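Below is one structure, written out as structure tokens; comments come after it.
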Amino acid sequence: MNENKKRSIIVILIAVLVGLLSGLVFYNINKDKSTEEVIQGAVNEIKDYISTYEMSEKEIEELPSTEIVEQSEENEKSQEQEVESEDFEEQGEIAYEGSNEYPQVSLGSYSGLTYYSQIDSRWKNHMYSSVGDTSQTVGTSGCGPTSAAMVVTAIKGTITPDRMADLFVDNGYRSASNGTYLSAFRWVADVFDIGYQETYNLNTAVDLLKDNNYVIVSCGNGLFTTGGHLMVITGIEGDILKIYDPYLYSGKFDTSTRRGKVTVSGNTVYCSVDNFKKYANYTRFFAYKHDGNVQENNGNVTTSTYTRYVKTNTGIGVNIRSGPGTGYGKVGALSDGTSIIVYETSGNWSRIGTNRWVSSNYLVSTYTSSNVSNTVGETRKTKACYLYSKSNLSGTKYTYKANTTITILDNISNTVDKVRVNVTERVAYINTSNYKNSTSTNIKNTVGQYKRFKSKTYLYSKSNLSGTKYTYLPLTQVKIIKNVSSSVDYVYVVKTGRYAYVRNNVYK
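Numbering (my numbering), first residue to last: 1363 to 1870.
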């Protein structure tokens, strides 16, 4: 026998011996366990980064968001937008490809399908920022982690939006200014070991809902959002989608562009597949498999009243009727600009008191009288004063020193403006008597000049730098059409032909 054959035989014998010893060790460890226990032990070993803790019945009962709070479309417009773009998604994919370790996660007891609101007082002020910006919170930009928390809580075990937000930040799924990278939802499926599919097709998403999936959907400006938004479709009954909108607020679907397209019951929005297709402006669906045994954990929901203003095209006001329809008798009238409180709605009618109803077609969330000066886009300096979170100068009060520079976003009335604080980017409301002077900051005339952006830049469809957001690369060339204010220009993008608004500190 030559030396090569001897070596081969020795290697084979050693391999057999190692195999026998390994089997003996495995048998001794598991000889008192059933096959099921051995398999489960292997599963637990793979997922040892997830721990669990017991929750009391009271903790589970108090888990859902049960108050639908008062907000307005103006509050909604000030939300950070979940905007998809090529470079945005590329950065999200980099985050996903670079995540090679799973985080340590602790889940509470299984509590079933639970509604979370991102503007729930328990976590709305929890910072959700990758750049240390305290103004970026779960309330302002946390629809992504809130939706993910609802899905994981419904399938695996309890996790709240603030904890999911921390996971997204710590693992690179929070963008600097556009909310959550969409690759985060694939990562959630990986971390929590949930069956997962993505699709751009609504019909496919409907089939997945029927096949026991919860579906997170990304939407653009339309029925559910003024910019970009994420929410959870929890099921389908016939052709009606059941939706948990994390930014659901009292009166959200009572505006002229949304009225009659959905119904709201408690914390659930019901929308036909047809209306969803026509108005939702959806872009992508993220589906998570569940076992079909849906247990809902939702307490009694309270819906806040909300403020509206009377506004008619004729300016003569609106009739008050004793019931929700023109067939009911007139019991009074309201003039244009009158502020009223809406307690409930029925179709296109709003109840403003006992047996007092007005047509919702003549109600708006903000009111600007025709004789209010148009100062939108102008910059001012303030006296030492307060700014407020609500247009009626109530809600959260913010203290500002004299000479604070603000930009006027909207003229709410003769005495109230909606403004943005230039240094902090806070959007709030101010009594116009608190301006230090009534003249605009001097505006440098650069109309007709061509400029290039020094870095990646956002352009906006509205002069107050809101509305649709467009992303442009460094060195993009624009022509300045108008100097709107000392800080904002109206520009023409040479390459694409788009007209939009931009801060004037972005040029090279």
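Ideal Cβ positions, reconstructed from N, Cα and C, are used throughout, including at glycine.
As the structure is a prediction and not an experimental result, all values here were calculated from the model.
- Straight-line measurement puts the Cα of Thr1744 at about 44 angstroms from the Cα of Phe1547.
- Burial of Gln1498 is indicated by the presence of at least 16 other C-beta atoms within 10 angstroms of its C-beta.
- Exposed is the label assigned to Glu1787, since fewer than 16 other Cβ atoms lie within 10 Å of its Cβ.
- Counting only the Cα atoms, Lys1816 lies some 44 angstroms from Tyr1668.
- Bounds of the alpha helix (DSSP H) holding Lys1640 are 1635-1641.
- When beta bridges are read from the DSSP output, Met1593 appears opposite Val1579.
- Counting every other CB atom within 10 Å of its CB across the protein chains shown gives Ser1627 a total below 16, marking it as exposed.
- Secondary structure in the stretch 1508-1568: the beta strand (DSSP E) runs of 3 residues or longer, each lying completely within the stretch, are 1558-1561 in chain order.
- Boundaries of the alpha helix (DSSP H) harbouring Glu1421: 1419-1423, taken from the DSSP string.
- Here the stretch 1643-1650 does not lie against the stretch 1604-1611, with fewer than 3 beta-carbon pairs under 8 angstroms apart.
- Counted as a single uninterrupted DSSP element, the alpha helix (DSSP H) harbouring Val1500 occupies residues 1500-1503.
- Collapsing the DSSP output to three states places Asn1796 in a helix.
- Residue state for Leu1610 is assigned as coil, using DSSP reduced to three classes.
- The three-state reading of DSSP puts Tyr1863 in strand, counting E and B together.
- Counting only the Cα atoms, Thr1767 lies some 21 angstroms from Tyr1852.
- Counting along the chain, no beta strand (DSSP E) covers Glu1416, and no H or E run does either.
- Leaving aside the five residues that flank Asn1637 on each side, the residues in its chain whose CB is nearer than 6 angstroms to its CB run, in chain order, Lys1623.
- Non-local beta-carbon contacts of Leu1469 in its own chain, meaning distances under 8 angstroms to residues more than five positions away in sequence, involve Ile1412, Ser1413, Thr1414, Tyr1415, Val1514, Lys1518, Gly1519, Thr1520, Ile1521 in chain order.
- The beta carbons of Tyr1650 and Ile1556 sit about 5 angstroms from each other, so the pair counts as a contact at 8 angstroms.
- One alpha carbon belongs to Met1526, the other to Thr1508, and they sit about 7 angstroms apart.
- Boundaries of the beta strand (DSSP E) harbouring Gln1839: 1839-1845, taken from the DSSP string.
- Between Leu1835 and Lys1813, the C-beta spacing is not below 8 angstroms.
- For Val1738, no beta strand (DSSP E) segment is defined, and its DSSP state is neither H nor E.
- Note that the stretch 1526-1541 touches the stretch 1485-1499; at least 3 beta-carbon pairs, one per stretch, sit closer than 8 angstroms.
- Of all alpha-carbon atoms in Lys1798, Val1778, Val1785, Ile1703, the one lying nearest the alpha-carbon of Ile1792 is that of Val1778.
- Separation of Lys1486 and Asn1575 (C-alpha to C-alpha, rounded to the nearest whole angstrom) is 27 angstroms.
- The three-state reading of DSSP puts Lys1486 in coil, since its state is none of H, G, I, E or B.
- Per DSSP, the continuous beta strand (DSSP E) segment holding Tyr1644 begins and ends at 1644-1651.
- Under DSSP, Ser1627 shares a beta bridge with Thr1630.
- Here Ile1714 is actually not in contact with Tyr1724; their C-beta atoms are around 12 angstroms apart, not less than 8 angstroms.
- Annotation for Ala1695: the continuous beta strand (DSSP E) segment containing it runs 1692-1696.
- Of the residues assessed, Gln1480 falls on the buried side of the cut-off, its CB having 16 or more other CB atoms within 10 angstroms.
- When secondary structure is reduced to three states using DSSP, Gly1506 falls in the helix class.
- Per the C-alpha coordinates, the member of Ser1580, Val1738, Ser1612 positioned closest to Ser1828 is Val1738.
- A check of alpha carbon separations from Thr1838 across Asp1528, Tyr1869, Asp1698 identifies Tyr1869 as the nearest.
- With contacts defined as CB atoms closer than 8 angstroms, Leu1610 and Asn1583 fail to qualify as a contacting pair.
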